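Colleague: Residue numbers (my numbering): 3 to 300. Just dropping this structure here.
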């Protein structure tokens, strides 16, 4: 089958189309004929070799962590899913024509494949961070990168829970942040004064941008408690929490799918590219200014 592969670590240019053996669904797995693959910043960290000190990647490798597709093989012990059913979920080799899923949720007809493939990772991450921050209705949350995938979804979930959100974004994305129910403000120099003019106090901070905003965030919060970053490794020097442990949940993903179908939340898909343009797609994600999720389609 066709798949995106890389035989060495490096920039997006190491990615190319190749042929790999078709996977077989093992116990507790389903195999899907892939309709869309969501790209994530973590894919680039694995491809670049940055994650090698943490865990080893066996080369050649097929990148990709989340897919949407149609079930075409069911592993031993799997119940509650049928051949031909549309699902979305987590995989260890997503950018291919076929992929194995360990956890998944049904996809209703009202949700297209690119939207469905954009949900698993950002959904799990946004909910995990909000659990860590333990926000209460009426509190104020500052979100850096509120127009992006995780930042945008966390903003919407927090607003839905009655939290006042101030979201930083580029001037071009202020409208999007406002459409999420948050108060937008530009990032960059003067952010401390701008935020203080919008709220008397900041109860929690989520940094989904990783653009050197932690010192200002600590100043606004009055300390490192309830300050979380998903993208800035200086967190370890500053005493800020940098959660890295993933806790995927099929039930939580199904709930998120329902929320998207109802129109309660949305995850913007910025680009849909063919599988053969995986290098371009990962370059957009690496840059951090894609303006939403980047998705590949076979």
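No residue lacks a Cβ here, since even glycine has one placed at the ideal position from N, Cα and C. These numbers were taken from a predicted model, which means no experiment stands behind them.
Between which two residues does the alpha helix (DSSP H) carrying residue 171 extend?
Modeller: As a working note, residue 171 is residue 169 in the chain shown. From DSSP, residue 171 is part of no alpha helix (DSSP H) but of the beta strand (DSSP E) over 166-171.
Colleague: Measuring alpha carbon to alpha carbon, tell me which residue in 161, 29, 8 is nearest residue 66.
Modeller: One-based indexing of the chain shown puts residue 66 at position 64. It is 8.
Colleague: In chain order, which beta strand (DSSP E) runs of at least 3 residues are fully inside the segment 195-234?
Modeller: With a minimum length of 3 residues, the continuous beta strand (DSSP E) runs that stay inside the segment 195-234 are 206-209, 229-231.
Colleague: Using the C-alpha atoms, what's the distance from residue 193 back to residue 172?
Modeller: What you label residue 172 is simply residue 170 of the chain shown in a count that begins at 1. What you label residue 193 is simply residue 191 of the chain shown in a count that begins at 1. Straight-line Cα distance between these residues: approximately 12 Å.
Colleague: Output needed for residue 15: all residues of its chain with C-beta closer than 8 Å, excluding positions within five of it in sequence on either side, in chain order.
Modeller: Locating residue 15 in the chain shown gives position 13, counting from the first residue. 281.
Colleague: Pull up the distance between the alpha-carbon of residue 226 and that of residue 60, whole angstroms please.
Modeller: Residue numbering aside, residue 226 sits at position 224 when the chain shown is read from its first letter. Residue numbering aside, residue 60 sits at position 58 when the chain shown is read from its first letter. C-alpha separation (whole angstroms): 37 Å.
Colleague: Taking 8 Å as the cut-off, does the segment 123-142 touch the segment 28-37 (at least 3 CB pairs, one atom from each stretch)?
Modeller: No, the segment 28-37 does not touch the segment 123-142.
Colleague: Please report whether the beta-carbon of residue 270 lies at a distance below 9 Å from any beta-carbon of chain D.
Modeller: Here chain D cannot be found, since the structure has a single protein chain.
Colleague: Closest to residue 188 by C-alpha separation, out of 252, 13, 197, would be which residue?
Modeller: For the purposes of this step, residue 188 is taken as the residue at position 186 of the chain shown. Closest by alpha carbon: 197.
Colleague: Helix, strand or coil for residue 75, going by three-state DSSP, please let me know.
Modeller: Position 73 of the chain shown, counting from 1, holds the residue named residue 75. Residue 75: strand per DSSP, three-state reduction.
Colleague: Do you know whose CA, among 58, 263, 97, lies nearest residue 20's CA?
Modeller: On the chain shown, position 18 is the one that residue 20 refers to. Measuring from the Cα of residue 20, the nearest candidate turns out to be 97.
Colleague: At which residues does the alpha helix (DSSP H) containing residue 116 begin and terminate?
Modeller: In the chain shown, residue 116 corresponds to position 114, counting from 1. Residue 116 -> alpha helix (DSSP H) spans 115-119.
Colleague: How would you call residue 211, buried or exposed, if buried means at least 16 neighbouring beta carbons within 10 angstroms?
Modeller: Locating residue 211 in the chain shown gives position 209, where the first residue counts as 1. Classification for residue 211: buried.
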